[in-house]
Structures are given as C-alpha cells and as structure tokens.
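To keep things clear, I will list the structure first and then write my remarks on it.
In full-length UniProt numbering, the protein residues as written are 1 to 948.
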C-alpha cells in the first residue's frame, strides 16, 4: 500500500513549508499526486507548473545561456551548502564578502573533473545550494546576483524556522542517526518520526528544484545531486524534465534493509532516488544494502554486467556505481608547502619530539558516531597495561565542532571532557599531560602539521561514511623536501606512517596497511595502539608505501636503471576495442618512455612481429616481443632474434583442420595463423555457444596433439596452440640477463598485463631479487588488470587506468628531461671532444677528496655513466650530455678529478661519439674566467682531441 506521505508529497510541499515565527507558507504547488516515474513525455500531466511557468523557465534558461558564444557542456552541482564562505564587511555592518571554500568537496570535485576528463576544460560548473549565514530578505536579490555573476552559484534562501526543521530536525535527528544504524528506540536515542519534519524536508527539496529550474537547460545540462539532505529532489526534477541527465551521490553510509525498513517513509525515498539515472555510493556494502532494500520493499531485481550494476525501473535503466571519494592531492601538497605549515611543524617538534614523546593523533567531529569516548577508554587501558608508555606517549584529540545539535551532542562533549580530566589526573606528571583535547576550530595548515608529526593516526568511529582523515594523514607523512629538512630527514629517507582504523568506516577496506580494529573492543584497540608504537621501522615504511598511491611515481623519479614490460591487448588496448592499432597518443606516450635514457621499455604481445613492426614503426627505442616472446627485438633498427630454438611446425597440419571444423559450425569464429602459433577466436560468436565450443575444441586439440611439442591454452574468447617452453617470462629473463652481463642491476621494474599469459612475467620479476638479478633496494611492481587471483601484487581496474599510469610516468620522464639542473647564466663556450683510442683512463685518477658542494655532480655523472651503458648494450648511439661543462671540469681539476672518472669511462664504451658542453658560470665573471682558462689547459692534457 502506498503511504499517504508519498501520495501527497506535493501537498506537503505546499501545506507546511512555511515555518513559524511569522514566516508565510510556501507558494501553493497544487494537489496533484506525484507518479512513481514518468516513462514518456506527455503521458503524465505537469507536476506543478502551468504552461506559462514552463515558458518562463525556458525563457530564463535561454537568457542565461545567451551570454555564451559557443555551446558548452554544463554540470549543475546541487548540495545542501554552497562551496562558499560568506562574511560581513566591517565586522557586520557593511555588505557581504564571498570567497570559495577550498575545503569543500564540491569544489574539489570540479578540480578533479578538470584534471581527469578530456573535455572538462570546456565544461561550465554551476552550484545550487544554501549559505551557512542568514541573509536578510531585503538583500536576497543582491546576494543572489553577486553569487551568480561572480561564482556561478545559485543560492537557496530558506526561512530560519523551515531550515531548522529541515536540517536539525529531519536530516540530523532522523535520517543521520538511522543511516548510521541508530534506531529511535526511545525519544532520547535519535528522534522519533515526526511528520511535520518530513513535510519540511519535502518542502525544502521543492525549493531546491525551483532554483534548479531557473538555470537548467534540460537537454544539455548534467545535474549532480549530493547527499541525504536532497533525496526527494530527483522526483521533482524527473517529473518536470523526463530526459534530464541526473545523478545522485550519497556521502553517508546506507544501512542494511533491517535498519532502513523501520523508516516510515522508506518507499518514498527509494522511489525518489530511482528517478536518478545514476546513484553513487562510497562502497559496495552501501550499494548492496540499497539494492537489498529495493528488492525487499519494491520487488526490483538488479543485474551486473561488465562491472556495472543496473536496475530496471518503469522503463528506465538506473545505474548503481561504487564511487569512493578521495582527497585533493594538489591542495594538500600546496598546504604542506605553506611557510606557516613549516613553522607549526617546528613548534610541534619542540613540544613533543624534543621532549622524547610520541604523538598519537585523533581527528574527529564531536558527535556520537565518531567514537571519541571509546578511543579515550582504549588509551586509558594502554597506559594501565603498559606503564612503559607513561610519560612518553601523548594522545592529541582534535575535536571539530559537531554539525548537529541536541542532547546527544551535549552528552558526548561532557563525557569526553570528563574522561580527559580523569586520565590526566591519573597518569599526568609534571610537564606531562597524557591527553590534549583541542576543541577549537583549527586552520587546515595546523591540522596538516599535526599529521606530519604524529607517529600514528587513530580513526575509530563506530560508524562513518568514507572518512578522508587517513588519506590526509598518509599524504602529510609523505611530506616534501622542506618538511624533510625541518624533520631532519635526508633525501633518501623512506617515509613511514601508522594507521589504526575502525572496521566500520568506508575507507577501511582500501587501507591494507592499517591495523583494523573493532572500536567497541577496548582491549583490542589498546593492543593496536601498542603494536603501532612498537612496530619495527621497516614495517612502518612498508605499510606507508602500501597506502601512498604515488609511491610508484616517486620510485620512478629516484631510480636510474629501469625495466618496463607492457602487455598490449587488454592492457594498453581494451579487449573490446574494434580497432586494435595504437592511437597517436599511445605512440607518443611510449616514445616519451623509451626516449628516457634510464629506461628499457618492451612491449610484449601475442601479435605477429609483422603487425608490431607496422604499428610501432615510429618508436625508435621501443623493444618489441612478438608471439608470446618467441621473437624479440631490442630496438627498431635491430634484428629480430628468437628466445628459444626454432621448432618443427608440422603440428599445424594437424591442428588447423580441427580448428576449421569448429569454425564452420560456430558462426562468428575465426582462425589466425601466426608464424609459431595458431589461434581460434570466438570473440564475435554467441558468448554461450562460443564458450561451449571452445571447451570441446580445447579437449579435441589436446587429444590429437598429445605427442607434439606444443601446448593448448584457453584464453579470453580464444583457444591457442603454441610451442612448448614459449612464454612471456622468457622476455623478462632475457632482458635481465642482458643487463646483468653488462654489470648493471635494475633498481626499478614495472610489469603490467591482463591475463594468464602474463603470469610468467610476473613470476620472473618477483623472484629476480632472489637470483641477484636486481639491485638490493630495487622497486618491483607487478600489476594486473582487474582484481583477480594473480602473482601480481598490484592491480588497476581497467586499461584506461593503465594508460593514465603510463602517461603519468611518461610525463615524469619528459619533465625530468626538460628540467635538468642548469647553473645560472653567463657567456657560453662550446667545444667538441672526440675520444682518442690511445688513452690511459687511469692517468686522470687522483685522490683529492670531493667537497660536499660537488657530491651532487658526482652523483649526476654516476647516473650518466649508467645511461651510457644502457644505451650501448641496446645498440643505441649515446645522446649528447647536457649541462654542467667547463666550469665543472675546472672544479674537478682542482678538487675531485676522481669523481669525473665515470664520465671518462663512459666515453671509452663508445669510441666515436660527441659530447657538447655549455659552460655557464655560477661564480662571479672574473673567477669563472680564471677557472675556464685553467680548465682549457687541463683538458688539453687529457687523451681527447678538441675541436672548437
């Protein structure tokens, strides 16, 4: 039976929207009943607008878009609060001043879209929402005009009483507790359902809909509604514009059906959400609960196809997506770079580290679900059970002001203050306070400073949505060079962090390096604190690196001998792509990687070598491996070689007729005959029939080829016969042996693939360290596509993520190549050095100790030495050496000729290439000239021919 509240949402929006205190009622919206959904234009009469209203709205929309010279995609982002900070000029008597709220997720959302979407730069963003401050009615028009023109924001002004009943009433007393698994078993626990508050909730959602209608162009705009405050809004928008492109994202947990079904308006909210085209949740658990509610209460079934979950609802497909929220990395880094952050870090170091004290940090809102009191009990237990930590460990609890209000918030505050006093009285010492409770609002840079200094971060909420505190902590602990200097860390120091997180927060599954706890188990949380404090430094480093998503990039930056192995189909190119040839973007990306003198990049494919030659003819330094690694080519101008002896291929005469039989009976199947393998593919056949035929063919081929030196493999949409012993692992072994023969040990290995054939590569590179094929501190990344059982330690979701990763590494290579450190200016002198074969390289050795100011140059030329050797073994012509020059030679002559020795040895490897030097002085002109003159005499004594 349809509940009264759902049948008469419009009555609610019309009848009780106005608050008390002299506020008038909302404009009448009529008495029409809201349909569950409109399935076609014109079938259901207008919800609440006359034709005049529609014409007016269309006119307004046309007028608002008339200012644009060209059509642009536009996203309308709707939330309870705008990403705007407002303040009165002159302390309250003047006009209003507005600025962006940089901490708002809605603003970060815009930046994220612009950073990742190809066309987001051309997308316009409009925000619809309320302001935190009360604006007098007389100033509504002026403020609205200013926000629209200056910030593209459309404010919703709510009467004070209506806003209170909407936000502090229905949202915070009924939805918020219920979504966090708190049932209103008594008036003191949450709030009993109040139909007047529900009426206010519907009314406010209707006001938001009216505001959207003022700016929307329904056939072009995307509307993205955020959070539980506006769960009814999709119904109003869908009724008004049937074809509106509408998304909804829930920032809080969604409870299990057993909890949710206690809500009297449960169906109304579900049906309204289903009027969106896409519904997003933080985690699969939350989405599963929503789907369960739809199934049990509405009788709807869902389907899962290619990673998407979909519901059919009155002729429309509603997509459910898992969209975990992340942090704004660039914003966090910019805050870490602020001078005041460094000052605060130094202050905290003096307060804690200089006193030989370790900081445990908690950052939570002061509400009933953040578990502050449970955390304090666990810390008290730690001090009781482990007296050795008394006087050494301090718990700093940052308590942000509660977003709601009421008796429960007051009780949490009182309990927390009482427990802090009790712990400090029991375990405090002169100059030592075990718990520091900070209940004032902190600037963001202050919070980041606490993250930087904290030994461990405790996030022990009893129920929470995503909770981004752990991510912020990990980024802060990664730090930057300036903070490393303040902390006394060297350039090569590996960062560490420790997290203790609740099992009941959304980010917990993604934090594999954290210690997960049940926050209700006080003893377990206390033990976790102790484990975090006592954990060996090496393990803390490993746990930190598990969480720091940019660890791969940082490892790429600091390493100098890199091997990169990439599969093609299903990795760089999606399996479902119609055209398999690489795009120009892919070619450019691979060229950027392979141009880097520190890299050996190989594309390892099942394709024929003729195909790979054609596709990648413009990649000079890209290595290719064809047909599972049977054929190998180090660079474009090199000859193809085989990784195994040439085998007899007479077995093809047996396999091909069998495959032809199955091709004739399986519509859409094909045979591809390669040089060493033969493949039967059913990619275009009926999936079920093709799969059945593939199983029969596999068994048939194994039977007839039992005595042949081949193996039969079943893969994604294909069955393949190939010679025994041929695998992609051979390519990895071959590269490692080539580099080892030239006395080099790789310190970075990246291998990415998507199917079983790539597992051999994963196995080789992950065991290479045990065979002494890699540098002792080598960074090894084996990565598969999709989450599945694999020998790879890492995974990415799909080829698009792989391409973004590889493009990121290519960008790093381009950046490092274009920003080689060059001393500041003065006149240039150029000379060309040609090696003379009669040279005695030992003649230039000396024992002068290098000064500390020149160790950087020594390190740089050691790197160059490796680059030359890598190029030589790959058959490449060494590239010209770029910066430092005559002035460096002069310094070497005076102080550290021995440090220049690796460069001279590099010259000997290839006896006839040129080095172009540019001499740029970093000293005063007179001193620089003197050094250059001295350098010229010294260079002439070396076994080089100088050509000006």
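For each residue, glycine too, the CB sits at the ideal point set by N, CA and C. Remember, it's a predicted structure, so these values are computed and weren't measured experimentally.
Opening and closing residue of the beta strand (DSSP E) in which residue i lies
i, result
"residue 568", "Taken as a continuous stretch (DSSP letters only), residue 568 belongs to no beta strand (DSSP E), as it is neither H nor E."
"residue 76", "74-81"
"residue 451", "Per DSSP, residue 451 belongs to no beta strand (DSSP E); it is in the alpha helix (DSSP H), 444-453."
"residue 420", "Run containing residue 420: none in the beta strand (DSSP E); it sits in the alpha helix (DSSP H), 407-427."
"residue 502", "499-502"
"residue 456", "456-459"
"residue 723", "718-723"
"residue 249", "245-249"
"residue 784", "779-785"
"residue 321", "316-322"
"residue 226", "222-226"
"residue 400", "393-400"
Integer-rounded CB distance, given that residue j should sit under 8 Å from residue i
i, j, result
"residue 733", "residue 780", "Wrong, their Cβ atoms sit about 15 Å apart, outside the cutoff."
"residue 621", "residue 594", "4 Å"
"residue 130", "residue 158", "6 Å"
"residue 727", "residue 629", "6 Å"
"residue 147", "residue 155", "6 Å"
"residue 297", "residue 269", "Contact doesn't hold; Cβ gap of about 10 Å is too wide."
"residue 455", "residue 498", "7 Å"
"residue 506", "residue 466", "4 Å"
Same chain only: Cβ atoms within 8 Å of residue i, ignoring 5 sequence neighbours per side
i, result
"residue 561", "598, 739, 744, 745, 746, 747, 748, 775, 866, 870"
"residue 852", "With a pLDDT of 36 at residue 852, under the threshold of 50, the modelled position of this residue cannot be trusted; read the value that follows with caution. Cβ within range, chain order: n/a, list empty."
"residue 398", "361, 362, 363, 364, 438, 442, 447, 450"
"residue 376", "395, 397, 416, 419, 420, 423, 435"
"residue 553", "808, 809, 812"
"residue 152", "124, 125, 126, 127"
"residue 429", "390, 391"
Exposed unless 16 or more other CB atoms sit within 10 angstroms - verdict on residue i
i, result
"residue 461", "buried"
"residue 385", "exposed"
"residue 185", "exposed"
"residue 341", "buried"
"residue 63", "At residue 63 the pLDDT is 41, less than 50, meaning the model places this residue with poor confidence and gives no usable figure here."
"residue 544", "buried"
"residue 961", "The structure shown does not extend to residue 961, since the chain is modelled only from 1 to 948, so the question has no answer here."
"residue 789", "exposed"
"residue 258", "exposed"
"residue 262", "exposed"
"residue 196", "exposed"
"residue 669", "buried"
"residue 556", "buried"
"residue 770", "exposed"
"residue 693", "buried"
"residue 410", "exposed"
"residue 962", "Nothing about residue 962 can be read from this structure; the chain reaches only from 1 to 948."
First and last residue of the uninterrupted alpha helix (DSSP H) at residue i
i, result
"residue 346", "339-351"
"residue 235", "233-240"
"residue 485", "481-487"
"residue 386", "Residue 386 -> no alpha helix (DSSP H), and no H or E assigned at all."
"residue 534", "522-534"
"residue 176", "176-179"
Nonlocal neighbours in the same chain, by C-beta distance under 6 Å from residue i, ignoring five residues either side
i, result
"residue 232", "202, 205, 272"
"residue 99", "85"
"residue 144", "155"
"residue 95", "89"
Close-in-space but distant-in-sequence residues of the same chain around residue i (CB under 7 Å, 5 per side omitted)
i, result
"residue 675", "608, 627"
"residue 4", "Confidence at residue 4 is low in this model, with a pLDDT of 33, below 50, so the placement of that residue should be treated as unreliable; the coordinate-derived value is given next. Excluding positions up to five away in sequence, the list is empty."
"residue 277", "245, 246, 247, 318, 319"
"residue 792", "762, 782, 783, 784"
"residue 819", "In this predicted model, residue 819 has a pLDDT of only 42, less than 50, meaning its place in the structure is not dependable enough to derive any value."
"residue 254", "179, 281, 286, 289, 290"
"residue 107", "83, 100, 101"
**OP:** Enumerate, from N- to C-terminal direction, the unbroken alpha helix (DSSP H) stretches of 4 or more residues contained entirely within the region 644-713.
**Re:** Taking only runs of at least 4 residues, the alpha helix (DSSP H) segments lying wholly in the region 644-713 are 652-665, 687-704.
**OP:** Scan the region 571-638 and note each continuous alpha helix (DSSP H) run of 4 residues or more that stays entirely inside, going in chain order.
**Re:** Taking 4 residues as the minimum length, the alpha helix (DSSP H) runs contained wholly in the region 571-638 are 584-595, 609-615, in order along the chain.
**OP:** Just list the alpha helix (DSSP H) runs in the region 244-302, keeping only unbroken ones of 4 residues or longer that don't cross its boundaries, in chain order.
**Re:** Counting only unbroken stretches of 4 or more residues, the alpha helix (DSSP H) elements lying wholly within the region 244-302 are 257-260, 266-273, 284-298, in sequence order.
Subject >> Minimum length 4: unbroken alpha helix (DSSP H) runs contained in the region 124-173 >> reply: Here the runs fully enclosed are 140-151, 160-163.
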